[in-house]
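Peer 1: Residue numbers for the sequence shown follow full-length UniProt numbering, so the first one is 1 and each next one is one higher.
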Amino acid sequence: MAIRESKTLSGEPGGLSTLVRAALPAVPGVNRLPGVRKAPASGFTGLAYHRGQVVTERARVDAYAAVCGFPRKDVVPVTFPHLLAFPLHMAIMSDPAFPYAAIGMVHVENTLTAHRPIRIGEALDVTTEVLAPRPHARGVLLDFVTTVSGAGEPAWESTSTYLRRGRSVDGDTTTGLVIADPPSGGIEWRLPANLGRTYASVSGDANPIHLHPLTARALGFPRQIAHGMWTLARSVAAIENRLPGAVTVDVAFKKPVFLPSTVAFAAREDGPGWTFALTDPKDGSPHLQGRTTPG
């Protein structure tokens, strides 16, 4: 897919200033100020941001691997490049040209493809483009498409799909990822109350819904929830030694994982790939369902 002309994200990405910019459009009154006011949704066709020569640093990769359950290697975990793209997601959501406030965006699906292993210390170019909104029964879907390139060739790609509740757009809705017969039961993992803060410290995703009960309640949750990308990474880490270097992972995020809690992980080999699920061990309801395919 051809990426549109992109804006360059300069300086140190992420941090408190980015979160503040992302939150301001949700504040009544403030959201009408110049530089904060969002463009109208009608006619929005997309927006792209770019970061050049981003180095995969050993200390950060190792910290991420430890939090998510990956072994320490000389190549990055297959889910790690999402951390390089996340500042671009936030830059797009904070841009006045993006018509939707970041607060209230719900990550519902993710597809990532590793074309080859990425070495620690490798310098990479990262581009993320959000496409025009797609219709959904409860609002619109927004696809954030990322390409990570090394030596001029794509090494890793992903599509993160967010739901923005509210008015929809014209068009036919799509079903999205459906796992007809997900595995059940499996090994149980006990997740601590501070997991969101621990993952935020290595990922840069310090959304208040993940950090403390008070900040989560302020945004409508009874207590803090685990990052969806942590649940994806931890699930992939559990089968990492059975995956090829070139692989596609598709997941659908179902219900939130409240912290602290206990979850059950199960995986099943299906033909050339794997099907996996993270569920509530009390009633078997799904938190996440996914599959892998080679190449």
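Ideal placement from N, C-alpha and C gives every residue a C-beta, glycine not left out.
D62 bridges to which residues according to DSSP?
Peer 2: Within the sequence shown, numbered from 1, the residue matching residue 62 stands at position 62. According to DSSP, D62 bridges with nothing at all.
Peer 1: If distances are taken between C-alpha atoms only, which option among D74, A59 and H82 comes closest to M229?
Peer 2: Taking the first residue of the sequence shown as 1, we reach residue 229 at position 229. Per the Cα distances, H82.
Peer 1: D205: buried (16+ other C-beta within 10 angstroms of its C-beta) or exposed?
Peer 2: As a working note, residue 205 is residue 205 in the sequence shown. Buried: at least 16 other Cβ atoms inside 10 Å.
Peer 1: Is the beta carbon of residue 299 less than 7 Å from the beta carbon of V145?
Peer 2: The shown model of the chain, from 1 to 295, leaves out residue 299, and the question about it has no answer.
Peer 1: Only counting the same chain, and skipping five residues up and downstream in sequence, which positions put a Cβ closer than 6 Å to that of S158?
Peer 2: Within the sequence shown, residue 158 is the residue found at index 158, counting from 1. Contacts found: L112 and T146.
Peer 1: Between L259 and A226, is the Cβ-Cβ spacing less than 7 Å?
Peer 2: Here residue 259 refers to the residue found at position 259 of the sequence shown. Here residue 226 refers to the residue found at position 226 of the sequence shown. Contact: yes.
Peer 1: What does a CB cutoff of less than 6 Å around M1 pick up in its chain, not counting 5 residues either side in sequence?
Peer 2: Position 1 of the sequence shown holds residue 1. With a pLDDT of 45 at M1, under the threshold of 50, the modelled position of that residue is not reliable, and no figure is offered here.
Peer 1: Roughly how far, in whole angstroms, is the beta-carbon of A246 from the beta-carbon of P294, given that I think they are within contact range, below 8 Å?
Peer 2: One-based indexing of the sequence shown puts residue 246 at position 246. One-based indexing of the sequence shown puts residue 294 at position 294. Contact flag correct, Cβ pair sits at about 7 Å.
Peer 1: What residue range does the beta strand (DSSP E) around R234 cover?
Peer 2: One-based indexing of the sequence shown puts residue 234 at position 234. It is not in any beta strand (DSSP E) - R234 instead sits in the alpha helix (DSSP H) that spans G228 to A238.
Peer 1: Taking Cβ positions only, does W274 come closer than 7 Å to chain B?
Peer 2: Included in the structure is just one protein chain, with no chain B present.
Peer 1: Looking at the unbroken beta strand (DSSP E) that takes in I225, where does it start and where does it end?
Peer 2: Numbered from its first residue, the sequence shown carries residue 225 at position 225. From DSSP, I225 is part of no beta strand (DSSP E); its letter is neither H nor E.
Peer 1: In three-state DSSP terms, what is H115?
Peer 2: Reading the sequence shown from its first residue, position 115 is the one you call residue 115. Of the three classes helix, strand and coil, the one that applies to H115 here is coil, per DSSP.
Peer 1: For a quick check, are the C-beta atoms of V251 and H287 less than 7 Å apart?
Peer 2: By 1-based counting over the sequence shown, the position of residue 251 is 251. By 1-based counting over the sequence shown, the position of residue 287 is 287. Their beta carbons are not under 7 Å apart, which means V251 does not touch H287 by this criterion.
Peer 1: Relative to the C-alpha of R60, which residue among W156, A277 and D74 is closest?
Peer 2: The residue labelled residue 60 in the question sits at position 60 within the sequence shown. When only C-alpha atoms are compared, the closest one is D74.
Peer 1: Below 7 Å CB to CB, which residues in the same chain sit around V140 once its five sequence neighbours on both sides are set aside?
Peer 2: On the sequence shown, position 140 is the one that residue 140 refers to. So the list reads P133, R134, R164, S168 and V169, once near-sequence residues are dropped.
Peer 1: Would you kindly work out how many angstroms separate the C-alpha atoms of G104 and P208, rounded to a whole number?
Peer 2: Here residue 104 corresponds to residue number 104 of the sequence shown, with the count starting at 1. Here residue 208 corresponds to residue number 208 of the sequence shown, with the count starting at 1. Cα to Cα, the separation comes out at about 12 Å.
Peer 1: Going straight from the alpha carbon of D62 to that of R234, what length do you get?
Peer 2: To locate residue 62, count along the sequence shown from 1; it is residue 62. To locate residue 234, count along the sequence shown from 1; it is residue 234. Between D62 and R234, the C-alpha separation is close to 14 Å.
Peer 1: Quick check on DSSP: helix, strand or coil for T128?
Peer 2: Here residue 128 corresponds to residue number 128 of the sequence shown, with the count starting at 1. Collapsing the DSSP output to three states places T128 in a strand.
Peer 1: Between which residues of its own chain and A216 is the CB-CB distance below 6 Å, once the five residues before and five after are set aside?
Peer 2: Translated into positions along the sequence shown, residue 216 becomes position 216. So the list reads I209, R223 and Q224, once near-sequence residues are dropped.
Peer 1: Do V108 and T198 count as a contact pair if the criterion is CB distance below 7 Å?
Peer 2: Within the sequence shown, residue 198 is the residue found at index 198, counting from 1. Within the sequence shown, residue 108 is the residue found at index 108, counting from 1. Judged by beta-carbon spacing, V108 lies beyond the 7 Å limit of T198, meaning their Cβ atoms are not closer than that value.
Peer 1: Identify every residue that forms a DSSP beta bridge with P286.
Peer 2: Sequence index remark: in the sequence shown, residue 286 carries index 286 (1-based). In DSSP, P286 forms a bridge with T279.
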